[in-house]
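J.: Right, I'll just put the structure down here and ask away after.
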Amino acid sequence: MNTISFIDLKLAPEILKALTESGYTTPTPVQAQAIPLVLEGCDLMAGAQTGTGKTAAFVLPMLQKLLPFASTSTSPARHPVRALILVPTRELAIQVEESVKTYAKHCKLRSLVVFGGVDIKTQTPHLKTGVEILVATPGRLLDHIEMKSVLLNQVQILVLDEADRMLDMGFMPDLKRILALLPKQRQNLMFSATFSTEIKKLSAEFLTKPRLIEVARSNATAENVTQKVYLVEQADKHVLLAQLLRGSDATQVLVFTKTKLTAGRLAKQLQKEGVAADAIHGDKTQLERMQALDAFKQGTVTVLIGTDVAARGLDIDQLPMVINYEIPSAPEDYVHRIGRTGRAGASGKAISLVSPEEERYLAEIEKLIKCEIEKEKAVVPHAAQNSTRTSRAPRGEHHERTHAPRGEHAERSHSPRPAAPKKSSHDPWFDKPYEPSASATPAKQPEQPAGKPKKEVAALFVRRPS
Ligand code: AMP
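The numbering used here puts the sequence shown at residues 24 to 489.
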């Protein structure tokens, strides 16, 4: 039981005021552990899943340490970059900086976020006015360094957020280049959801005598998330998904696919069926991605479909449901995905649609999270395959339909077939931060408005015999 208050953590009144305004009453476990250590000046290696409050765990003590440098001067020289927060994705960058702004509301400290995919020229003037806290994706930061629009020689605190994901995405060379430009004397804080051997190597290379904190068992899934698996043929997944989306608990659902192609196709298909769905993936412009995310947060889009990379870092308060349309081949990604729900103590549901071909990945996930997920066999009636039909199949009629051979499914269904899962969940979009797209076009509107009645699609669930 954690009974420490923010006052006990000796945070400055300016910071406490912002926390009260945000409605925070008690520090989360990662905050209670990390804040005193960061204030002491220790390097930190923190194992904290997303949704545990890890952003405030490093931002709050960072603000406290930078407060003596707060200044209202307009001179850029009085506002050098003193804290650098590196994150793997643009969405996470935006969200972390939003948090910095919220917590620093009453501090005279400036912050800025820079990421790829938008015109670099729009960022340069802001950088040149001087900022104490810079949140950046590695590629875009290197662009700015090359353009000499930023100097990092006064960085006192470095944060590597979601370090495991940065390594997964091949950011190691970029990180090394950036770190070589920082003063040797600095504090390093590393946050990672999982503790792989690579992460331990990274820690040994970049951190000095780090203090280790782990708020949840590494690779554990959030305890307040109810997990469930539906065993279903790949070809029947769309019908099952449509059915799940009609449930009363599916008010705001994040759906994961393995590829951008599947995400896009699925969104289009659901839109045609009257579901307010949109996709968020690397083929969309930054503006489109931000608009889709905003619409999802506002509730005009109720189903957001994304790949692991695109959905990484999304912080949506109390997201009630996550559906894995395809489960990831890397079991750690499952932990990241379901961490999108059940955040900061709220309860959530994580549903996975698992085809016979994916069952071996499911076994690896269960091994990693050290628990068996409840399974139910979903049987989708033939009639429901054609999404233009509206009648519900009589309950029990298709009760024990055996799995049809693959060829039969292919002929029977007229709907676009999701792309075959690729081996890697790495989204190649992320390899493109060096190509700033000058012209971002407005997001396409869903083909049908949110209010349109949804079509009936039938699916039956049959409990798996034990
Ligand atoms: P994070 O793990 O940093 O992504 O934070 C997850 C969510 O928890 C965010 O929506 C934060 O606003 C929220 N949060 C962080 N710290 C606290 C706290 N001490 N009390 C209540 N909510 C919090």
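From the three backbone atoms N, C-alpha and C, an ideal C-beta is built for every residue, glycine too.
All figures in this text were calculated on a predicted structure; none of them were measured in a lab.
By how many angstroms is the C-alpha of E395 removed from the C-alpha of E389?
T.: Approximately 6 Å between the Cα atoms of the pair.
J.: Could you give the uninterrupted runs of the alpha helix (DSSP H) lying entirely in the region 49 to 78, keeping only those of 4 residues or more?
T.: The qualifying runs are 52 to 63.
J.: With distances taken between CB atoms, is the gap from P161 to L190 smaller than 8 Å?
T.: Taking 8 Å as the Cβ cut-off, P161 and L190 do not qualify as a contacting pair.
J.: What number of angstroms, rounded off, separates the C-alpha of L267 from the C-alpha of K207?
T.: The straight-line gap from Cα to Cα measures roughly 53 Å.
J.: Could you give the distance in angstroms between the alpha-carbon of A494 and the alpha-carbon of E120?
T.: The chain is shown from 24 up to 489; residue 494 falls before or after that span and cannot be answered.
J.: Among the residues of its own chain, which have a CB less than 7 Å from the CB of S226, if the five just before and after it don't count?
T.: For S226, where only same-chain residues beyond five positions count, the Cβ hits under 7 Å are M68, M213, P233.
J.: A57 and I180: beta carbons closer than 8 Å?
T.: Not closer than 8 Å, so no.
J.: Near V252, which residues of its chain fall below 6 Å by C-beta distance, leaving aside the five closest residues on each side in sequence?
T.: Taken in chain order, the residues that qualify are S375, V377, I396, K398.
J.: CA-CA distance, V104 and L175?
T.: Straight-line Cα distance between these residues: approximately 6 Å.
J.: Please report the straight-line C-alpha distance between A315 and H261, rounded to a whole angstrom.
T.: Their backbone Cα atoms lie some 21 Å apart in a straight line.
J.: So, under 8 Å CB-CB, P50 and I27 are touching, yes? Tell me the CB distance rounded to an integer number of Å.
T.: Sure, about 6 Å apart at Cβ, within 8 Å.
J.: Is it the case that the Cβ atoms of T217 and E355 are separated by a distance below 8 Å?
T.: Yes. Within cutoff.
J.: Less than 7 Å separating the Cβ of A79 from some heavy atom of ligand 1?
T.: Checking every heavy atom of ligand 1 against the Cβ of A79, one is found closer than 7 Å.
J.: Can you tell me the Cα-Cα spacing of R188 and G362, whole angstroms?
T.: Distance between the alpha carbons of R188 and G362 is about 14 Å.
J.: Between which two residues does the alpha helix (DSSP H) holding I143 run?
T.: First-last of the alpha helix (DSSP H) with I143: 143 to 151.
J.: Between P351 and K372, which are expected to be in contact by the criterion C-beta below 8 Å, what is the C-beta distance as a whole number of angstroms?
T.: P351 to K372, Cβ: 18 Å. No contact.
J.: List, from N- to C-terminal side, the alpha helix (DSSP H) runs of 4 residues or more that fit wholly inside the region 291 to 351.
T.: Here the runs fully enclosed are 309 to 321, 331 to 334.
J.: For I236, list the residues DSSP reports as bridge partners.
T.: Bridge partners of I236: A69.
J.: Of all the options V61, L60, G76, which has the alpha carbon lying nearest to the alpha carbon of S45?
T.: Of the candidates V61, L60, G76, the one whose C-alpha sits nearest the C-alpha of S45 is G76.
J.: Leaving out five residues before and five after G430 in sequence, what residues of the same chain have Cβ atoms less than 6 Å from its Cβ?
T.: With a pLDDT of only 28 at G430, under the threshold of 50, the placement of this residue in the model should not be trusted; the figure read from the coordinates follows. The answer is none, since no qualifying residue turns up.
J.: Any idea what DSSP makes of T43, helix, strand or coil?
T.: T43: helix per DSSP, three-state reduction.
J.: Along the alpha helix (DSSP H) that carries V137, what are the first and last residues, could you check?
T.: Note, V137: premise wrong, no alpha helix (DSSP H); beta strand (DSSP E) at 134 to 137.
J.: DSSP three-state call for Q210: helix, strand or coil?
T.: Of the three classes helix, strand and coil, the one that applies to Q210 here is strand, per DSSP.
J.: Where do the ends of the beta strand (DSSP E) carrying E185 lie?
T.: No beta strand (DSSP E) holds E185; DSSP gives it neither H nor E.
J.: Roughly how many angstroms lie between the CA atoms of N211 and L183, to the nearest whole one?
T.: Answer to the nearest angstrom: the Cα atoms are 8 Å apart.
J.: Quick one: grab the DSSP three-state call for A93.
T.: Three-state result, A93: coil.
J.: Cα separation between K445 and N347?
T.: Bear in mind that the predicted position of K445 carries a pLDDT of just 32, short of 50, making it too unreliable to give a figure here.
J.: Have a look at L327, E382, Q294 and flag the residue whose alpha-carbon is nearest the alpha-carbon of A273.
T.: Cα-wise, what sits closest to A273 is L327.
J.: Can you check whether the CB of A159 is closer than 8 Å to the CB of L204?
T.: No, the Cβ-Cβ distance between L204 and A159 is not below 8 Å.
J.: To which residues does DSSP link S215 through a beta bridge?
T.: According to DSSP, S215 bridges with G70.
J.: Examine ligand 1 and report whether any of its heavy atoms sits within less than 7 Å of the Cβ of Y126.
T.: Because no heavy atom of ligand 1 lies under 7 Å away, the Cβ of Y126 does not count as near it: no.
J.: Can you tell me the Cβ-Cβ gap for K281 and T330, rounded? I've got them flagged as a contact below 8 Å.
T.: Between T330 and K281 the Cβ distance is about 7 Å, and since that is below 8 Å, they are a contact.
J.: Which value, in whole angstroms, describes the spacing of the CA atoms of Q257 and A265?
T.: Rounded to the nearest angstrom, the two C-alpha atoms are 14 Å apart.
J.: Which term fits M170, buried or exposed, when burial requires 16 or more other beta carbons within 10 angstroms of its beta carbon?
T.: Classification of M170: exposed, given that the 10 Å Cβ count is below 16.
J.: Once the 5 residues before and after V178 are set aside, which same chain residues still bring their CB inside 8 Å of it?
T.: Counting only Cβ-Cβ distances below 8 Å, and skipping sequence neighbours, we find V104, R105, A106, L107, L205, P206, R209.
J.: Just to confirm the assignment, what range does the beta strand (DSSP E) spanning I396 have?
T.: Where I396 is concerned, there is no enclosing beta strand (DSSP E), given that its DSSP letter is neither H nor E.
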